[in-house]
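Chains as they are written, first to last, in this note's numbering: chain W, 1 to 195; chain D, 1001 to 1590. Where is the CB? At the ideal position from N, CA and C, for every residue including glycine. Source: prediction; values computed, not measured. Each remark here refers to the structure printed beneath this line.
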Amino acid sequence: MSNGKVTNILIVGVGGQGTILASRILSYLALEEGHDVKVSEIHGMAQRGGSVVTQVRMGEKVYSPLISEGQADVILAFERLEALRWVHYLKKDGTIIINDQAIDPVPVILGLQEYPSGIIDRIKGKVPDTIAVNALQIAEECGNAKASNVVLMGVLARKMGFGKEKCIRALEAKVPAKFLELNKNAFEKGWNVQV
Amino acid sequence: MKELLTGNEAIARGAYEFGVRVAAAYPGTPSTEILENLVNYPGVYAQWSPNEKVALEVGLGAAIGGARTLVTMKHVGVNVAADPLFTLAYTGVNAGLVLVSADDPGMHSSQNEQDNRNYAKFAKIPVLEPSNSQEAKDMVGLGLEMSEQFDTPVMLRTTTRVNHSQSFVEIGERIDDTAKPYVKNSRKYVMVPAHARGRHVVVEERRGKLAEYAESCPVNRIEWADRKIGIIASGIIYEYVKEVIPEASILKLGMTFPLPEKLIREFAAQVEELYVIEELEPFLEDQVRLMGIEITGKQLFPRIGEVSQKIIAEKILAVTGHRDLVNQSILAAGAAEEKDVQIPVRPPVMCPGCPHRGVFYTISQLKMIVTGDIGCYTLGSLPPLEAMDTCICMGASVGAALGMEKAHPEMHGKVVAVIGDSTFMHSGITGLLDVAYNRGATTTIILDNSTTAMTGHQDHAATGKTLSKEITNQVDLVALVKALGINQVQIVDAFDLKKLKTIISEEAAADEPSVIIVKRPCALLIKERTAPYTIDENCINCKKCMKLGCPALSVQGDAVVVNTALCTGCGLCSQLCPSGALKKEGEGNE
Ligand SMILES: Cc1ncc(C[n+]2csc(CCOP(=O)(O)OP(=O)(O)O)c2C)c(N)n1
Ligand code: SF4
Ligand code: SF4
């Protein structure tokens, strides 16, 4: 992250996927680096399975908590369709990390609309720096599907060049003790994903 | 020390630091977390009231009694609290009172997007608008001081982006010695006409003094930069302007009623182009125009929804003679536009195992007209249930059903009012009283899920617990409803579809008003899950279960599949299955 510049990270997913922990960890990391940070989190009906989006902005001085379209340096998408919905927020030469998982929205469940096929290839066609990860599977291997958010954090942290020790400290600060081992493990696996 | 806090956490922190001793609220997005945070601070008494009117009345009692007080609500809550507010503006306070009005431009979670700064002007009380969490905290303190200095309630008007964004806040110590003695003064606090006439004079004088104060109020300031473009902004818009036109001169208004006329004139006189950027109503703009100052505002910026950085950049670029001052990189094209693919929407849905689902399934099967209300159950208006005809404001369902019945007596038996337990406590009781009083035959269904689910599970007068989770009196809904004059009251299990159908049909057909209390706690309150359901080869593919709209059920290929990770085992789907294919895991015969 160069001086004077603000880094924009958009975290998107579906209510209940644990996107908020990811933003908590990110802002902890930014704080440790001595950056100014703003985070915007719209939650209203998030618990009821709607799309959720968290915006994190960090840099020397941050005014607005919001990222404009085409301005995100990184998008961390917890679900394929949400990646597609928000990819227009990515700037040219930006990075998108996509959890290769599909959660059908109600119109799809009801057969009123179709879940678009080939989302990842589609995005890859436009965004050279697309990283697809099966975080759910990795989290399950660690023993808990719910840890996919931390797997994705591992991928993101390495990609963004945050120090690993700092990340572990962030986990220690933000994750309840009884899930810490599981999450450290999940983070490590995410960190080591070949991109 | 600095901490990263949301606007709501910062307001709670501010209330603590600036010696608030009493706080009252009714939950409502985006304001709810203020009291949920404040209750954890020592030395502050905080409570949920049944509705916003009562919350403000508790607040005014506390303030007149001598405690610094915070009252919080969402924008539409101020409609409910408007009656005490307008006359509290006459009496004034004793110790400071700050009313937080959390507005929701863009309607992230609301039924309308009214601009409550108009209330401040209407009631002639000052309004403060923070741009970030630090200001949100500071303005609680400033508001309390102004409230005491000018003897008036003060409105702290936030918007969703301020309430729900995190930024750094300097943490301070609590001021403890804020209590004031109560002094009886009936000419000031008893608003009979003879006294109120005198107080109205005081209110008008106060307005003048406040306008004078606004000139030097520390939160109103000019940030001089390039004088080719001058922008008047408040709240979150100030932060957007700093991003989009960083070189412009800005008149940042933290206090937006009454306005500092001299300061505005001084600013206007020295800039080449003058703009006012605000969300929703031309609140600042109209007042500036009345001063005879020419200004560009709503000709460019929308009255509907939020104003974004992109809108600001586009609109200013379209008219300004100084394009070089605009940070055009904000409009730079991104990596990808997805125009050629239809992206299915992802609306919120009732959770798997939601106790509201069976009721809405039943009334949709009975093809009834449903006057609805506000809560998680409003999701029953969406496909596939689509069982709601009206949803206006909290509590409206009951009166609306009575009105429908009075409009067309032949509609009797076809109309049902549906209302949540928290909403019933908030403002459904009086509607039901009207039904009893005016001999309606309305059927009212109270969905008792033991919580205020929609806003994140707050307790209320019928849950038996307070904001601080202490055990308290629990309203006896049956006794309450009977006391209002409704004799026909039944309690039904939310998961018993057969019984729901029989009772709803019977009660709707009866010539007497009735209440059906449908009971089951919200699925998210249940910590231990029961076994999920599974589907076996007996499935005849009729897809009757799919009419429930349960997100744990989906059709893959052509077969119905249960997502056992989501299924809570409520059993509704198996009650609809004609072939016994849906069985509770472990109870099947396979
Ligand atoms: C005047 C007003 N105050 C607050 C709100 C915010 N709000 C919407 S629904 C609701 C309560 C929902 O609780 P309940 O009726 O029990 O239904 P549930 O969500 O539990 O199904 C609240 C507080 C509002 N819309 N209007
Ligand atoms: S939170 Fe509770 S009341 Fe709301 S949809 Fe989910 S189960 Fe139903
Ligand atoms: S039992 Fe059926 S209706 Fe109930 S949660 Fe499970 S799948 Fe949904």
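Distance CB(isoleucine 25 of chain W)-CB(alanine 170 of chain W) smaller than 7 Å = Position 25 of the first sequence, counting from 1, holds the residue named residue 25 of chain W. Position 170 of the first sequence, counting from 1, holds the residue named residue 170 of chain W. In contact: isoleucine 25 of chain W and alanine 170 of chain W (Cβ atoms closer than 7 Å).
Asparagine 1449 of chain D Cβ short of 6 Å to ligand 2 heavy atom set | On the second sequence, position 449 is the one that residue 1449 of chain D refers to. Because some heavy atom of ligand 2 lies under 6 Å away, the Cβ of asparagine 1449 of chain D counts as near it: yes.
Valine 1576 of chain D: beta carbon under 6 Å from a heavy atom of ligand 2?
-> By one-based count along the second sequence, residue 1576 of chain D stands at place 576. First, the residue type needs correcting, since residue 1576 of chain D is leucine and not valine in the sequence shown. No.
Work out the CA separation of glutamine 101 of chain W and glycine 94 of chain W for me, nearest whole Å.
-> As a first step, residue 94 of chain W is located in the first sequence; it is residue number 94 there, counting from the start. As a first step, residue 101 of chain W is located in the first sequence; it is residue number 101 there, counting from the start. If I take the Cα positions, the gap works out to 21 Å.
Cβ-heavy atom distance, threonine 1568 of chain D to ligand 3, below 6 Å | The residue you call residue 1568 of chain D lines up with position 568 of the second sequence. True, at least one ligand heavy atom lies under 6 Å from that Cβ.
Give the straight-line distance between the Cα atoms of glutamate 188 of chain W and glycine 161 of chain W, rounded to the nearest whole angstrom.
-> Residue mapping note: residue 188 of chain W aligns to position 188 of the first sequence, counting from 1. Residue mapping note: residue 161 of chain W aligns to position 161 of the first sequence, counting from 1. Answer to the nearest angstrom: the Cα atoms are 15 Å apart.
Reduced DSSP secondary structure (H/G/I, E/B, other) of isoleucine 97 of chain W | Within the first sequence, the letter at position 97 stands for residue 97 of chain W. In this structure, isoleucine 97 of chain W counts as strand in the three-state DSSP scheme.
Just to check, is the beta-carbon of cysteine 1354 of chain D closer than 6 Å to a non-hydrogen atom of ligand 2?
-> Counting from 1 along the second sequence, the entry for residue 1354 of chain D is found at position 354. Within the cutoff, so yes.
Taking threonine 1160 of chain D as the reference, give the member of D/Lys1414, D/Ala1479 and D/Met1107 with the closest Cα.
-> Position 160 of the second sequence, counted from the first residue, corresponds to residue 1160 of chain D. Measuring from the Cα of threonine 1160 of chain D, the nearest candidate turns out to be D/Met1107.
From the DSSP output, in three-state form, read off valine 155 of chain W for me.
-> Locating residue 155 of chain W in the first sequence gives position 155, where the first residue counts as 1. Note: valine 155 of chain W maps to helix in three-state DSSP.
Below 7 Å between beta carbons: does that hold for alanine 1336 of chain D and valine 133 of chain W?
-> In the second sequence, residue 1336 of chain D corresponds to position 336, counting from 1. In the first sequence, residue 133 of chain W corresponds to position 133, counting from 1. Against a cut-off of 7 Å, the Cβ pair of valine 133 of chain W and alanine 1336 of chain D comes out as no contact.
Tell me leucine 81 of chain W's beta-bridge partners as DSSP assigns them.
-> Numbered from 1 along the first sequence, position 81 holds the residue referred to as residue 81 of chain W. Bridge partners of leucine 81 of chain W: none, in fact.
Helix or strand or just coil, what does DSSP make of alanine 54 of chain W?
-> Reading the first sequence from its first residue, position 54 is the one you call residue 54 of chain W. A small fix is needed here, since residue 54 of chain W is threonine in this sequence, not alanine. If DSSP states are grouped into helix, strand and coil, threonine 54 of chain W belongs with the strands.
Just tell me which of D/Ser1249, D/Ile1419, D/Pro1347 and D/Gly1485 has its CA closest to the CA of valine 14 of chain W.
-> Against the first sequence, residue 14 of chain W aligns to sequence position 14. The residue with the shortest Cα to Cα distance from valine 14 of chain W is D/Pro1347.
Status (buried if at least 16 other CB within 10 Å, exposed otherwise) for asparagine 192 of chain W | Taking the first sequence and counting its residues from 1, the one referred to as residue 192 of chain W is at position 192. With fewer than 16 Cβ atoms within 10 Å of its Cβ, asparagine 192 of chain W is classed as exposed.
Which residues share a DSSP beta bridge with aspartate 1448 of chain D?
-> For this step, residue 1448 of chain D is matched to residue 448 along the second sequence. Per DSSP, D/Lys1519.
Cutoff 6 Å; reference alanine 46 of chain W; Cβ partners in own chain excluding five residues on either side = As a first step, residue 46 of chain W must be located in the first sequence, where it is residue number 46. Note that alanine 46 of chain W has pLDDT 49, beneath the 50 cutoff, so the model's placement of it is unreliable and the number below is only indicative. Counting only Cβ-Cβ distances below 6 Å, and skipping sequence neighbours, we find Gly15 and Val52.
Is any heavy atom in ligand 2 found nearer than 6 Å to the beta carbon of leucine 1477 of chain D?
-> Taking the first residue of the second sequence as 1, we reach residue 1477 of chain D at position 477. No; taking the cut-off as 6 Å, the Cβ of leucine 1477 of chain D has no heavy atom of ligand 2 nearer than that.
DSSP three-state assignment for alanine 132 of chain W, whether helix, strand or coil | By 1-based counting over the first sequence, the position of residue 132 of chain W is 132. Note: alanine 132 of chain W maps to strand in three-state DSSP.
Could you tell me if the beta carbon of aspartate 1176 of chain D falls within a distance shorter than 6 Å of some heavy atom in ligand 1?
-> Within the second sequence, residue 1176 of chain D is the residue found at index 176, counting from 1. No, ligand 1 has no heavy atom inside 6 Å of this Cβ.
Out of curiosity, what's the CA-to-CA distance linking isoleucine 97 of chain W and proline 1260 of chain D?
-> Position 97 of the first sequence, counted from the first residue, corresponds to residue 97 of chain W. Position 260 of the second sequence, counted from the first residue, corresponds to residue 1260 of chain D. Approximately 49 Å between the Cα atoms of the pair.
State the Cα-Cα distance for the pair proline 1352 of chain D and cysteine 1376 of chain D, rounded to the nearest angstrom.
-> By one-based count along the second sequence, residue 1352 of chain D stands at place 352. By one-based count along the second sequence, residue 1376 of chain D stands at place 376. Cα-Cα distance, rounded: 13 Å.
Alanine 1436 of chain D: first and last residue of the uninterrupted alpha helix (DSSP H) it sits in = Walking along the second sequence from the start, residue 1436 of chain D turns up at place 436. Segment 1429-1437, the alpha helix (DSSP H) holding alanine 1436 of chain D.
Hey, would you say the C-beta of glycine 229 of chain W is under 6 Å away from at least one heavy atom of ligand 1?
-> In the structure as shown, chain W begins at 1 and stops at 195. Residue 229 of chain W is therefore absent and cannot be evaluated.
Contact set between histidine 35 of chain W and chain D, taken where Cβ atoms lie within less than 7 Å | Locating residue 35 of chain W in the first sequence gives position 35, where the first residue counts as 1. By Cβ distance, chain D contributes nothing, its closest Cβ being about 10 Å from histidine 35 of chain W, past 7 Å.
Should the region 1236-1245 of chain D be called in touch with the region 1309-1328 of chain D, which here means at least 3 C-beta pairs below 8 Å?
-> yes
Find the residues of chain W that neighbour phenylalanine 1168 of chain D, judging by a C-beta separation of less than 8 Å, and give them in chain order.
-> Translated into positions along the second sequence, residue 1168 of chain D becomes position 168. In chain order: Asp36 and Val37.
When the distance is taken between beta carbons, is valine 1415 of chain D closer than 7 Å to isoleucine 1369 of chain D?
-> Counting from one through the second sequence, the residue named residue 1369 of chain D turns up at place 369. Counting from one through the second sequence, the residue named residue 1415 of chain D turns up at place 415. Contact flag set, yes.
Answer with buried or exposed for cysteine 1354 of chain D, where buried requires no fewer than 16 other C-beta atoms within 10 angstroms of its C-beta.
-> Locating residue 1354 of chain D in the second sequence gives position 354, counting from the first residue. Classification for cysteine 1354 of chain D: buried.
Residue burial classification, glutamate 1386 of chain D (beta-carbon count within 10 angstroms, cutoff 16) = As a first step, residue 1386 of chain D is located in the second sequence; it is residue number 386 there, counting from the start. With fewer than 16 other Cβ atoms within 10 Å, it is exposed.
Going along the chain, which residues of the region 1226-1243 of chain D sit with their C-beta nearer than 9 Å to a C-beta in chain W?
-> Ile1236, Tyr1238, Glu1239, Tyr1240, Val1241, Lys1242 and Glu1243
Beta-carbon neighbours of lysine 1310 of chain D, restricted to chain W and to distances below 8 Å | For this step, residue 1310 of chain D is matched to residue 310 along the second sequence. Those within 8 Å of lysine 1310 of chain D in chain W are Ser68 and Glu69.
Quick one, which residues of the region 1120-1153 of chain D are near chain W if we go by CB-CB under 7 Å, in chain order?
-> none
The alpha helix (DSSP H) spanning arginine 1357 of chain D covers which residue range?
-> Position 357 of the second sequence, counted from the first residue, corresponds to residue 1357 of chain D. Where arginine 1357 of chain D is concerned, the enclosing alpha helix (DSSP H) stretches over 1357-1365.
For alanine 1372 of chain D versus cysteine 1391 of chain D, is the C-beta spacing smaller than 7 Å?
-> In the second sequence, counting from the first residue as 1, residue 1372 of chain D sits at position 372. In the second sequence, counting from the first residue as 1, residue 1391 of chain D sits at position 391. Looking at the sequence shown, residue 1372 of chain D is not alanine but glycine. Their beta carbons are under 7 Å apart, which means glycine 1372 of chain D touches cysteine 1391 of chain D by this criterion.
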